[in-house]
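**Q** Structure in structure tokens, see below.
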Amino acid sequence: MIIKEFYNRELDLEYSVGINCIRIDFKNFLNKFNIKNQKNALNHLFNLCKDLEGPNDKTTVQFFKDKYLLCQDHFFIACYHVIKAFASGINISNSKNLELLLYLSSNRQINQAVEAFGIENDDLIAGKLSYCIISESGYIVDKNKELTDLIDAEELDFPFKYDDVEKIDEIKHYFEVTDKQIKVVLNSYERVKRKDKSDLEIKSMALYDLICEKMSLLNIEKTSGN
24 MIIKEFYNRE LDLEYSVGIN CIRIDFKNFL NKFNIKNQKN ALNHLFNLCK DLEGPNDKTT
84 VQFFKDKYLL CQDHFFIACY HVIKAFASGI NISNSKNLEL LLYLSSNRQI NQAVEAFGIE
144 NDDLIAGKLS YCIISESGYI VDKNKELTDL IDAEELDFPF KYDDVEKIDE IKHYFEVTDK
204 QIKVVLNSYE RVKRKDKSDL EIKSMALYDL ICEKMSLLNI EKTSGN
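The structure is reproduced here in structure tokens:
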């Protein structure tokens with residue numbers, strides 16, 4: 024599990040984010056929770072997450088697809104926007120779980136955000152899942168153990184690769200980023216930012232900066248009343 028602690032100086036708020044990749048046995052999952060209809064499995068998983076979150080709204084547990092996730096910082100910045108949005112009262116949705124998908128996708132349309140980053144029953148059946156836990160500092164490890172023990176999950180390394188050309192192109196296409204936009208960002212980089220990095224890594228950095236810009240625009244659209 025990748026865990027990072029954050030302090031938002033503007034809001035005087037400390038929080039932690041953990042992202043994890045696990046493997047579960049779908050048949051074992053059905054048997055353990057006495058689920059007779061496979062179509063109910065995903066809702067049962069979501070209900071388990073709600074129970075884990077508790078009633079105090081201080082913890083968020085969200086499963087997600089990582090197909091369009093560029094890097095771990097892509098995720099951490101999305102979490103920052105979610106925390107800030109709810110603390111400032113400028114949240115787009117009424118749920119931190121949905122808000123996270125909106126920022127990950129840089130899209131105000133819930134259906135489109137869920138389609139791109141939300142998991143489906145087929146993902147649960149396949150057995151390899153990614154999820155995050157956002158909580159107060161110091162709670163992540165215990166919450167993660169509670170979840171993995173509950174669903175008998177095996178923790179896996181979370182893969183972030185900068186050498187997957189096909190994935191980079193998919194992400195670029197999804198976020199509607201053009202080569203011209205990337206070139207403009209690359210031209211703004213100082214030499215030190217390029218040092219000891221491959222061309223694909225540098226391109227990924229530019230793509231990340233453009234995705235961050237799109238996430239920020241969601242806040243601007245909300246505060247401007249559009």
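Here the sequence shown is numbered in the numbering used here, starting from 24 and rising by one per residue.
Even glycine gets a Cβ: it sits at the ideal position worked out from N, Cα and C.
1) CB Tyr197 to CB Cys94, shorter than 8 Å?
2) Taking C-alpha atoms, which residue in Phe99, Ile225, Cys235 and Asn134 lies nearest to Asn31?
3) Quick check: the Cα distance between Asn144 and Asn210, rounded to an integer number of angstroms?
4) Excluding five sequence neighbours on each side, which residues of the same chain lie with their C-beta closer than 6 Å to the C-beta of Ile47?
5) Return the bridge partner residues of Ser158 from the DSSP annotation.
6) Among the residues of its own chain, which have a CB less than 8 Å from the CB of Ser129, if the five just before and after it don't count?
7) Which residue from Lys90, Asp146 and Val84 puts its Cα closest to that of Tyr162?
8) Would you call the stretch 47–60 in contact with the stretch 119–136, where contact means no fewer than 3 C-beta pairs closer than 8 Å?
9) Determine the direct distance from the alpha carbon of Val164 to that of Phe49, and round the result to whole angstroms.
10) Using a Cβ-Cβ distance cut-off of 8 Å, determine whether Leu152 contacts chain D.
11) Thinking Asn167 and Asn43 are a contact (beta carbons under 8 Å), I'd like their distance in whole angstroms, please.
12) For Ile142 and Phe86, which I take to be in contact (beta-carbon distance under 8 Å), what is that distance rounded to the nearest angstrom?
13) Are the CB atoms of Ile205 and Lys226 within a distance shorter than 8 Å?
14) Roughly how far, in whole angstroms, is the beta-carbon of Phe140 from the beta-carbon of Leu127, given that I think they are within contact range, below 8 Å?
**A** To lay it out plainly:
1) For the purposes of this step, residue 197 is taken as the residue at position 174 of the sequence shown. For the purposes of this step, residue 94 is taken as the residue at position 71 of the sequence shown. Taking a C-beta distance under 8 Å as the contact criterion, Tyr197 and Cys94 do not qualify as a contact pair.
2) Within the sequence shown, numbered from 1, the residue matching residue 31 stands at position 8. Of Phe99, Ile225, Cys235 and Asn134, the residue nearest in Cα terms is Phe99.
3) On the sequence shown, residue 144 is found 121 positions in, with the first residue counted as 1. On the sequence shown, residue 210 is found 187 positions in, with the first residue counted as 1. Cα to Cα, the separation comes out at about 43 Å.
4) Stepping through the sequence shown from its first residue, residue 47 is reached at position 24. Taken in chain order, the residues that qualify are Gly150, Ile174 and Ala176.
5) Residue mapping note: residue 158 aligns to position 135 of the sequence shown, counting from 1. According to DSSP, which records beta bridges pairwise, Ser158 is partnered with Ser39.
6) Numbered from its first residue, the sequence shown carries residue 129 at position 106. Once the five neighbours on either side are set aside, the close Cβ partners of Ser129 are Phe198, Ile234, Lys237, Met238, Leu240 and Leu241.
7) For the purposes of this step, residue 162 is taken as residue 139 along the sequence shown, with counting starting at 1. When only C-alpha atoms are compared, the closest one is Val84.
8) No, because fewer than three Cβ pairs between the stretch 47–60 and the stretch 119–136 fall closer than 8 Å, the two stretches do not touch.
9) Mapped onto the sequence shown, residue 49 falls at position 26. Mapped onto the sequence shown, residue 164 falls at position 141. Going by the C-alpha atoms only, they are around 24 Å apart.
10) The structure shown has no chain D; it contains just one protein chain.
11) By one-based count along the sequence shown, residue 167 stands at place 144. By one-based count along the sequence shown, residue 43 stands at place 20. That pair is a contact at about 6 Å.
12) Working through the sequence shown from its first residue, we reach residue 142 at position 119. Working through the sequence shown from its first residue, we reach residue 86 at position 63. Right, the Cβ-Cβ distance comes to about 5 Å (below 8 Å), so this counts as a contact.
13) In the sequence shown, residue 226 corresponds to position 203, counting from 1. In the sequence shown, residue 205 corresponds to position 182, counting from 1. Going by C-beta atoms, Lys226 is nearer than 8 Å to Ile205.
14) Taking the first residue of the sequence shown as position 1, residue 140 is located at position 117. Taking the first residue of the sequence shown as position 1, residue 127 is located at position 104. Phe140 to Leu127, Cβ: 5 Å. Contact.
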